[in-house]
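The structure appears below as structure tokens.
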Amino acid sequence: MIRIHPISGNKKQYLDLLLLADEQESMIDRYLERGEMFILSDNDTVKASCVITCEDKGIYEIKSIAVYPEYQRQGYGRQLIAFVLEHYKDRCHTMLVGTGDSPLTIPFYESCGFAYSHRVPDFFIDNYDHPIFEGSKQLKDMIYLKRTLQPK
């Protein structure tokens with residue numbers, strides 16, 4: 001049975017999952033405590049996590065979303081995004097997500113209804129203490145996608 005629940009205590013107990021989405025702990029520390037964290041478990045086994053922050057009135061951002069590699073491509077990430085969009089629909093008009101310019105992640109977010117918003121040049125070069133690679137591609141720019149939420 002799939003269960004998604006908030007984490008109010010020690011969010012760092014899930015550091016292994018957080019590091020799958022953002023591989024530098026000091027970057028995670030910039031948003032973890034101000035964000036709301038959710039864990040998705042299936043049959044009492046943790047499969048995925050995400051952290052959402054409020055960036056401005058009505059604007060929230062998915063700062064981190066990760067699924068353990070052995071559970072990827074089974075719909076857990078998509079279920080977590082659907083949950084987040086529903087959970088924030090009454091207080092959020094725009095949900096953002098930032099990611100590297102990667103052919104692995106951008107199509108996933110687009111399939112969840114996100115569209116290109118803007119680019120932050122050299123984000124990964126300026127903010128990380130080592131080069132970040134996804135597959136064989138070095139990530140340089142942060143690509144922001146957004147989804148407009150319609151209150152019900």
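Residue numbers for the sequence shown follow UniProt numbering, beginning at 1 and rising by one. Quick reminder that beta carbons are idealized off the backbone N, C-alpha and C, glycines included.
Are residue i and residue j touching if we call contact CB-CB under 7 Å?
i, j, result
"Ile4", "Phe83", "yes"
"Lys140", "Ser117", "no"
"Tyr128", "Gln24", "yes"
"Tyr76", "Leu40", "yes"
"Leu104", "Glu134", "yes"
"Glu36", "Ile52", "yes"
"Thr99", "Ile65", "no"
According to DSSP, is residue i part of a helix, a strand, or is it coil?
i, result
"His87", "helix"
State buried or exposed for residue i, treating a residue as buried only when at least 16 other CB atoms are found within 10 Å of its CB.
i, result
"Phe38", "buried"
"Thr45", "exposed"
"Thr148", "exposed"
"Ile132", "buried"
"residue 210", "Examination of residue 210 is not possible in this model, given that the chain is present from 1 through 152 alone."
- Task: Jot down the residue ranges of each uninterrupted beta strand (DSSP E) in the UniProt domain "N-acetyltransferase" (2 to 150), minimum 3 residues, whole runs only, in chain order.
- Result: Within the UniProt domain "N-acetyltransferase" (2 to 150), the complete beta strand (DSSP E) runs of at least 3 residues are 2 to 7, 36 to 42, 45 to 56, 59 to 67, 94 to 100, 115 to 120, 132 to 134, 137 to 139 and 142 to 148.
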